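J.: For the sequence shown, my numbering gives the first residue as 59, with consecutive numbering after it. We put the CB at the ideal spot given by N, CA and C, even for glycine. Since we're looking at a predicted model, the values are computed, not measured.
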Amino acid sequence: MADQFPEFDVLIAGGGNAALCAALNAADSGCSVIVVESAPEWCRGGNSRHTRNLRHMSAAYPEDEFFADLHRVTGGRTHEHLARMTIRASANCLPWMLSHGVRFQKSLAGTLHLDRTNAFFLGGGKALMNSYYQAAARRKIRVLYDAEVVDLEIETGRFRSARVRMDGRDLEIRAKALVAAAGGFESNLEWLEEIWGPPARNFLIRGTPYNKGRVLKLLLERGAVPEGDPAQCHAVAIDARAPKFDGGIVSRLDSVPLGIVVNRHGERFYDEGEDLWPKRYAIWGRLLAEQPEQIGFSIIDSKALGCFMPSVFPAVRGDSIGELAAKLELPVDAVCSTVDRFNAAVAPGEFNHGVLDGCRTHGLPPEKTHWARRIDQPPFLGYPLRPGITFTYLGVKTGPGAAVAMQGGDVPSNIFAAGEIMAGNILGKGYLAGFGMTIGTVFGRIAGREAARAARQ
Numbered sequence: 059m060a061d062q063f064p065e066f067d068v069l070i071a072g073g074g075n076a077a078l079c080a081a082l083n084a085a086d087s088g089c090s091v092i093v094v095e096s097a098p099e100w101c102r103g104g105n106s107r108h109t110r111n112l113r114h115m116s117a118a119y120p121e122d123e124f125f126a127d128l129h130r131v132t133g134g135r136t137h138e139h140l141a142r143m144t145i146r147a148s149a150n151c152l153p154w155m156l157s158h159g160v161r162f163q164k165s166l167a168g169t170l171h172l173d174r175t176n177a178f179f180l181g182g183g184k185a186l187m188n189s190y191y192q193a194a195a196r197r198k199i200r201v202l203y204d205a206e207v208v209d210l211e212i213e214t215g216r217f218r219s220a221r222v223r224m225d226g227r228d229l230e231i232r233a234k235a236l237v238a239a240a241g242g243f244e245s246n247l248e249w250l251e252e253i254w255g256p257p258a259r260n261f262l263i264r265g266t267p268y269n270k271g272r273v274l275k276l277l278l279e280r281g282a283v284p285e286g287d288p289a290q291c292h293a294v295a296i297d298a299r300a301p302k303f304d305g306g307i308v309s310r311l312d313s314v315p316l317g318i319v320v321n322r323h324g325e326r327f328y329d330e331g332e333d334l335w336p337k338r339y340a341i342w343g344r345l346l347a348e349q350p351e352q353i354g355f356s357i358i359d360s361k362a363l364g365c366f367m368p369s370v371f372p373a374v375r376g377d378s379i380g381e382l383a384a385k386l387e388l389p390v391d392a393v394c395s396t397v398d399r400f401n402a403a404v405a406p407g408e409f410n411h412g413v414l415d416g417c418r419t420h421g422l423p424p425e426k427t428h429w430a431r432r433i434d435q436p437p438f439l440g441y442p443l444r445p446g447i448t449f450t451y452l453g454v455k456t457g458p459g460a461a462v463a464m465q466g467g468d469v470p471s472n473i474f475a476a477g478e479i480m481a482g483n484i485l486g487k488g489y490l491a492g493f494g495m496t497i498g499t500v501f502g503r504i505a506g507r508e509a510a511r512a513a514r515q
């Protein structure tokens, strides 16, 4: 039998940005709140501790442009009403964050050209999460660390209690409302392999190893309506030398649009210059996942240095393309031929990697449509690339009030969701830099407010 806690008004499952936004709003509504975080205290915050910025609407970045960017990267696979609601609500996120201790800084050079559209956290995501946890402590919000939700009691679509495993024993925590903000299932390698097959064994997980999808699976088993494609995820090109888990943002490679990318056979396979990097960087994880051995190689020359944020790992260098190919353990003749054909196809143009500059190739499948420059100035540099999974898009269906839709749900729900666990309602595929934090902040605040309202009823 599980040990019992006193009943709380609101239980928050998760410990990242969305969870803490929900906890703070619920507490500010006068509710007693408990946060259940599966990670230890030193590793708290989920994927949010690896973030740097939040995309937000402003006079410089109006709603229609914001939505057009989102529509383009998702290929129209988004619920427009929820998307526009999120975009509009993002306009007042910054004042709310400032009131809870978050501070901002100007963007650094080379950060995907986001200074007009995104706000950058001073000290990054870890500082943001520390600010929220300090604000939670001031509000007497109870936080349990190393505490995993292992079961949910849900009767006729309504939450009653959670069974939480902590220190080798089970606790029963009853609450009048539940906010599920425990992330996706990207760290559950077995679940990934069920969807992707053996290629998933070569994926690297950029964020926390604690996002196993336990809360998501429990909700789905208890009747929550699913939303989102299990095979869709935020997957980017990261340095293949990064660790299996928790490599974070420093492992991402931003060199892709400034040169070419080849696979294990030394062949190009996609247009490296399709669109501005903030709108297209998140397609490259999936592209790499479809290549032999799920690996690729970014090749640039010295002209590209200083134009991108390099990986934490040093580039592989060669005084010739052949030497670089050999060091990368690629077929030398194939790589040399690929580079020669690329150089011969580059048309004259005025290079400007901050805009769609029209510097392109002609007669080269696949064409490079922007930022095409000859790769001819040594030293030549290469980075090995692997798919880096950030978060998954399968989640639970929610409406504007963040309530989780339950099968046959005629009774008003007291179950709410925020963050990655419901992002698939808005992100059908693709990604827009900083938008995950936007979804988490907007829906976290809504979920906290509505959970408090449900608890009072």
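1. Among all the DSSP beta bridges, which residues are the ones paired with Pro-424?
2. Distance, Cα to Cα, Asn-269 vs Gly-241?
3. Could you tell me which of Gly-446, Leu-311, Asn-401, Gln-465 sits nearest to Asp-434, measuring between CA atoms?
4. Which residue from Ala-233, Pro-406, Phe-501, Gly-265 puts its Cα closest to that of Asn-246?
5. Is the region 430-449 in contact with the region 403-410, if contact means three or more CB pairs nearer than 8 Å?
6. Are three or more beta carbon pairs between the region 473-486 and the region 445-463 nearer than 8 Å?
7. With a threshold of 16 other CB atoms inside 10 Å of the CB of Leu-180, please say whether the residue is buried or exposed.
8. Taking three-plus beta-carbon pairs below 8 Å as touching, is the region 325-345 in contact with the region 283-298?
9. Decide if the region 113-122 is in contact with the region 138-151; the criterion is three or more beta carbon pairs, one per stretch, under 8 Å apart.
10. Please specify which runs of the alpha helix (DSSP H), each continuous and at least 4 residues long, are wholly inside the region 327-375, giving them in chain order.
11. Could you give the DSSP three-state label for Arg-280: helix, strand or coil?
12. If Val-320 and Glu-330 are in contact, beta carbons under 8 Å, what's the gap, nearest whole angstrom?
13. Below 8 Å between beta carbons: does that hold for Val-273 and Ala-233?
14. Classify Pro-64 as helix, strand or coil using the three-state DSSP reduction.
15. Distance check for Pro-372 and Thr-496, CA to CA, integer angstroms please.
16. With the cut-off set at 8 Å, would you say Gly-486 and Thr-132 are in Cβ contact?
17. Report yes if the CB atom of Met-224 is closer than 8 Å to the CB atom of Asp-209, and no otherwise.
18. Cβ atoms of Phe-63 and Glu-248: under 8 Å apart, would you say?
19. Relative to the C-alpha of Gly-306, which residue among Gly-421, His-420, Ile-447 is closest?
20. Out of Thr-456, Phe-261, Tyr-489, Ala-509, state which residue places its alpha-carbon closest to the alpha-carbon of Gln-352.
21. According to the neighbour-count rule (16 or more other Cβ atoms, all chains shown, within 10 Å of its Cβ), is Gly-226 buried or exposed?
22. Helix, strand or coil for Lys-455 per DSSP?
23. Inspect the beta-carbon positions of Ser-87 and Ala-512 and report whether they are closer than 8 Å.
24. Out of Leu-334, Met-480, Lys-426, which has the shortest C-alpha to C-alpha gap to Leu-414?
25. Return yes when the Cβ of Gly-457 is within less than 8 Å of the Cβ of Ala-383, no when it is not.
26. Cα-Cα, which of Ala-505, Arg-310, Leu-202, Leu-439 is closest to Ile-263?
27. Could you give the distance in angstroms between the alpha-carbon of Glu-252 and the alpha-carbon of Tyr-328?
28. So the alpha helix (DSSP H) Asn-83 belongs to, where does it begin and stop?
29. Buried or exposed, going by whether 16 or more other CB atoms sit within 10 Å of the CB of Lys-426?
30. For Pro-267, which option in Lys-302, Pro-257, Leu-250, Arg-507 has the closest C-alpha, if you only look at C-alpha atoms?
31. Could you name the residues of the same chain whose beta carbon sits closer than 6 Å to that of Ala-163, not counting the 5 residues immediately before and after it, in chain order?
32. Would you kindly report the start and end of the unbroken alpha helix (DSSP H) that includes Met-155?
33. Put Lys-234 into one of helix, strand or coil per three-state DSSP.
34. In the DSSP assignment, find the alpha helix (DSSP H) that holds Glu-123 and state where it starts and stops.
35. With C-beta atoms as the reference, is Phe-438 less than 8 Å away from Ile-379?
T.: If we stick to the structure as given:
1. Secondary-structure assignment with DSSP links Pro-424 through no beta bridge to anything.
2. 6 Å
3. Out of Gly-446, Leu-311, Asn-401, Gln-465, Asn-401 has the C-alpha closest to the C-alpha of Asp-434.
4. Gly-265
5. In short, these stretches touch, since the Cβ pair count reaches three.
6. With three or more CB-CB distances shorter than 8 Å, the region 473-486 counts as touching the region 445-463.
7. exposed
8. A contact exists between the region 325-345 and the region 283-298.
9. yes
10. 335-338, 342-347
11. coil
12. That pair is no contact at about 10 Å.
13. no
14. coil
15. 32 Å
16. yes
17. no
18. no
19. Ile-447
20. Out of Thr-456, Phe-261, Tyr-489, Ala-509, Phe-261 has the C-alpha closest to the C-alpha of Gln-352.
21. exposed
22. In the three-state reduction of the DSSP assignment, Lys-455 falls in the coil class, being assigned neither a helical nor a strand state.
23. Taking the C-beta atoms as reference points, Ala-512 is found no nearer than 8 Å to Ser-87.
24. Taking only the C-alpha atoms, the option nearest Leu-414 is Leu-334.
25. no
26. Arg-310
27. 27 Å
28. From DSSP, the alpha helix (DSSP H) with Asn-83 extends over 75-86.
29. buried
30. Lys-302
31. Looking at the sequence provided, one finds Gln at residue 163 rather than Ala. Contacts found: Phe-178, Leu-180.
32. Judged by DSSP secondary structure, Met-155 falls within the alpha helix (DSSP H) whose first and last residues are 151-157.
33. strand
34. 121-132
35. Yes. Within cutoff.
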